[in-house]
Amino acid sequence: MSTTGTTGTDDEAALVHRGADLLRFATAGSVDDGKSTLIGRLLLDSKTVFEDQLASVERASRDRGDEYTNLALLTDGLRAEREQGITIDVAYRYFATPRRKFIIADTPGHVQYTRNMVTGASTADLALVLVDARKGLVEQSRRHAFLATLLQVPHLVLVVNKMDLVDFDEEVFRRIRDEFTDFAARLEVHDVQVVPVSALEGDNVVSRSARTPWYEGPSLLHHLENVHVAGDRNLVDTRFPVQYVIRPQSGRHRDYRGYAGQVAGGVLRPGDEVMVLPSGLTTRIAGIDTADGPVAEAFPPMSVVVRLEDELDVSRGDMVCRPHNAPTPTQDVDAMVCWMDESAPLAPGRKYAVKHTTRSARAVVKEVQYRLDTDTLHRDESADRLGLNDIGRVRLRTTTPLLADEYRRNRTTGGFVLVDEATNRTVGAGMITSA
Amino acid sequence: MTSTTTAGRYQLSQLAALESEAIFVIREVVAELERPVLLFSGGKDSLVMLRLAEKAFAPAPVPFPVLHVDTGHNFAEVLETRDRRAAELGVQLVVASVQDALDRGLVSEPPDGTRNRIQTPVLLEALEKGGYTAIFGGARRDEDKARAKERVFSFRDDFGQWDPKNQRPELWSLYNGRIHPGESIRVFPLSNWTELDIWSYIAAEGLELPSIYYAHEREVFERGGMLFAVHDVCRPREGEEVFTARVRYRTVGDASLTAAVRSDAATAAEIVAEVATTRVTERGATRGDDRFSEAAMEDRKREGYF
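Have a look at this one:
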């Protein structure tokens, strides 16, 4: 058995990894709209599916009596998922083209798994919402598009699937596209694409289809490969949450004291004047180290070690920023919260552990301001609690100040999770609305 | 990583981004959890893990020990690399021996002579004995469809069990490592890496690997469509003909289960080129243990396996 194919060259391999960047995208859609099939098709047509995986899926499809190779079986891996034919939990898939590596957060469509959609979208650069061309936009499509924009996913793609079942009718596509564009105009999103595809037959997934001559846009893969994401990060507001203090205390590095962390915003350079929160003391950056040697600048999402000119008392949970551009230390936090716990609702008076950047605190719920209907975007101000999969605006009071930014300015310094202190379960995801 | 660090102005290459993410995760564990340990076999993924740990705390030493669950079915070259790397970095190497567990009656030898499955009780015992609450593993989500569902911080109960329906949501890079006594967190900093990423990283870093990963002549025989090395624990049965082939290993595990693939790739760069165009997964090509059933990995993970 040989492991090598005949296509491909050293150059191609080198291209895959030199200079290529990373696009993370989340997929959403309602049940049976063909999401798993679309992912299967992307993997298959980009030649990411391996022969043994395909053979296993072909065998499983035959065993189930499916008429065609069920590409959904490539992604539905858990026993219960195969039994029920649905996707239960968010799964991560990988594929690469010479231009980019892709990480797919494949999130389930069932309404009871909204929290998984939120989870997948939290790190996504782009969200892909699928609809069935025969059904058009349904509640779930609107909910998923809304959730993606709430999570500040910068790029949105509506994939109108099953075009083969409506005879590749341009009118059907136009109607869905226009309805979606109207809806998206009410959301906070700047880049919306709509692509007609047949995931089952492969139209407009990897290459443009001859069956949609009226469609002038790119194939789905072409769009994924070319969408510009480098400009989505905040390179203006310098944010460096201190993760860990490195002090070798031995050998030739006895006097070394560095602050390890991942840059969350802005660009850091040696010589920069910086302020450390919460102390508010200022100093300069003496140097930025990595295991491969010092660097002249550090930007998101680089993990580095920052040394400061003065000996300040700096520890985990502190934040390095600029003197005139700092996050707001606050104990009163207003946030949109997605509730993820089935056992108990979020309600005023309840206390949780909160994790925000590298900082941990405790928080008490002061008030539920409203619960949001994710289908109509209606605010129910009479609500006084959030149940499983509810999203609403909440006011919290924390024991120690959070060094917070608005989530819309910075997803890292604007996001937090709530943890139940008795069960240790992650029960809520929060996005700071005002800081 | 100098030649592959950036993809443009203020833009990391995907390999540098994966490295940065893994370093963040490793530091997070050391900052928040008591008694971490790194599962370390001397295989390629664990060598990458150890390099990342080295980078995460430089110039300070790696602040946790490494643990090897030794099946006794090893390739000598891999054990040699294991011992040498641990010594070079000055990290403490803890070895939990499956043979010793067999002798004590903790586990019994399966009839097929393979020891992959009986590693789990030995691992769990070693974790309990060491009091380890955070266990780094080199597993990747691209390896298996059950692993595709795994969190970066994977909560395990008092029995080391994974419950795919009861996982903690993982948002942004906010990892929840809170546990009660007896519980633990398995941590997978390489979750988002693929086999190609691992090899590209090995090439970029110039990491030294056991020689069996590179093409070499070896006495092999064919079984179930796979090429197995003649080894103390893996002998040809009647009718299985031994011949010499030019092979390399894509994964290194229990010698009785891990097969080699035909290859001429003798350097990391040549393997990167080969992996980029391969049409078979590493597990499908070389791991007998995942062939037991459609959900073999899920079932073993539920029992406490990595």
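From first to last, the protein sequence lines are chains A and B.
Read left to right, the first sequence gives residues 1 to 435 (my numbering).
Read left to right, the second sequence gives residues 436 to 741 (my numbering).
The beta-carbon is built from N, C-alpha and C at its ideal position, and this holds for glycine as well.
Note that the coordinates shown come from a computational prediction; the quantities given were computed from them, not determined experimentally.
With its beta carbon less than 8 angstroms from one in chain B, Asp21/A belongs to the interface. A residue is called buried once 16 or more other Cβ atoms fall within 10 Å of its Cβ, and Val337/A is buried on that count. Using a CB distance cut-off of 8 angstroms, Ile614/B counts as an interface residue toward chain A. A direct Cα-to-Cα measurement between Phe492/B and Ala264/A gives close to 19 angstroms. Contacts between Gln446/B and chain A, judged by CB atoms closer than 8 angstroms, involve Asp21 and Ala230 in chain order. In the structure shown, Gly120/A adopts helical secondary structure according to DSSP, grouped into three states. By the C-beta criterion, the stretch 585-604 of chain B is judged not to be in contact with the stretch 635-654 of chain B, since fewer than 3 inter-stretch pairs fall below 8 angstroms. Ranked by Cα distance from Asn424/A, the first of Pro498/B, Pro599/B and Ser619/B is Ser619/B.
For Ala260/A, the chain B residues whose C-beta falls within less than 7 angstroms of its own C-beta are Arg462, listed in chain order. When CB distances to chain A are screened at a threshold of 7 angstroms, the residues of the stretch 465-484 of chain B falling below it are Val465 and Ala466, in chain order. Under the 8 angstroms Cβ criterion, the stretch 411-420 of chain A does not count as touching the stretch 368-379 of chain A, having fewer than three qualifying pairs. In the structure shown, Phe183/A adopts helical secondary structure according to DSSP, grouped into three states.
Distance between Arg697/B and Glu630/B, taken at the CA atoms: about 17 angstroms. A straight-line Cα-Cα distance of about 14 angstroms links Pro218/A and Ser198/A. DSSP places Leu221/A inside the alpha helix (DSSP H), whose first and last residues are Leu220 to Asn226. With the rule of 3 Cβ pairs closer than 8 angstroms, the stretch 26-36 of chain A counts as touching the stretch 140-147 of chain A.
In the three-state scheme derived from DSSP, where H, G and I count as helix and E and B as strand, Met484/B is classed as helix. By the CB criterion at 8 angstroms, Asp505/B and Ser543/B fall outside the cutoff. In the DSSP annotation of this structure, the continuous segment of the alpha helix (DSSP H) that includes Arg143/A starts and ends at Glu139 to Leu150. Residue environment analysis places Gly617/B among the exposed positions, since fewer than 16 neighbouring C-beta atoms fall within 10 angstroms of its C-beta. Interface flag for Pro301/A against chain B is set, since a Cβ pair is found closer than 8 angstroms.
Take the alpha-carbon of Met431/A and the one of Ser36/A: they are about 29 angstroms apart. The residue among Leu156/A, Ala20/A and Ala296/A with its C-alpha nearest the C-alpha of Asp272/A is Ala296/A. Counting only residues of its own chain and dropping the five nearest sequence neighbours on each side, Val172/A has a CB closer than 7 angstroms to the CB of Ala133 and Val166. Closest in C-alpha terms to Lys47/A, from the list Gly287/A, Val333/A, Leu221/A and Tyr352/A, comes Leu221/A.
The C-alpha of Gln53/A is placed about 24 angstroms away from the C-alpha of Gly478/B. For Gln449/B, the uninterrupted alpha helix (DSSP H) run begins and ends at Gln449 to Glu467, by DSSP.
Among the residues facing chain B, Gly415/A is included, as its CB has a counterpart in that chain under 8 angstroms away. Contact with chain A is found for Arg576/B, since one of that chain's Cβ atoms lies less than 8 angstroms from the residue's Cβ. The Cβ atoms of Arg385/A and Val364/A lie no closer than 8 angstroms to each other.
One Cα belongs to Phe475/B, the other to Val245/A, and the distance between them is close to 25 angstroms.
The criterion of a C-beta distance shorter than 8 angstroms is satisfied by Asp420/A and Tyr352/A. Only residues of its own chain outside the window of five on either side were considered, and among them Leu71 have a CB closer than 7 angstroms to the CB of Leu44/A, listed in chain order. Arg603/B is positioned such that its CB atom lies closer than 8 angstroms to that of Thr426/A. Here Val90/A is buried: its Cβ has 16 or more other Cβ atoms, across all protein chains shown, within 10 Å. Interface with chain B (8 angstroms Cβ-Cβ cutoff): Gln243/A is included.
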